[in-house]
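Below: the structure, in structure tokens.
Numbering (this note's numbering), first residue to last: 78 to 145.
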């Protein structure tokens, strides 16, 4: 098994990791077209349950209103 002949410095290690650490970013958000709430891209709106202009899931508050 290969072993390193010399110690790798902290600067060299950080420079190597900087390439992929710079690419990491937080998930992007958009505004829901139905209710105007901020929604993560490619996800169902947690406030109204709409995705791409159609209702995908029923929200608990809406379901309770329909039952009454």
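Where a beta carbon is used, it is the ideal one built from N, C-alpha and C, also for glycine.
Closest by C-alpha distance to residue 128, out of 105, 112, 143, is 112. DSSP, read as helix, strand or coil, puts residue 89 in helix. Residue 115: member of the beta strand (DSSP E) spanning 115-117, first to last residue. Around the beta carbon of residue 122, a 10 Å sphere encloses 16 or more other beta carbons of the protein chains shown; the residue is thus reported as buried. Close CB contacts of residue 117 within its chain, under the 7 Å cut and outside five residues either way in sequence, are with 104, 106 (chain order).
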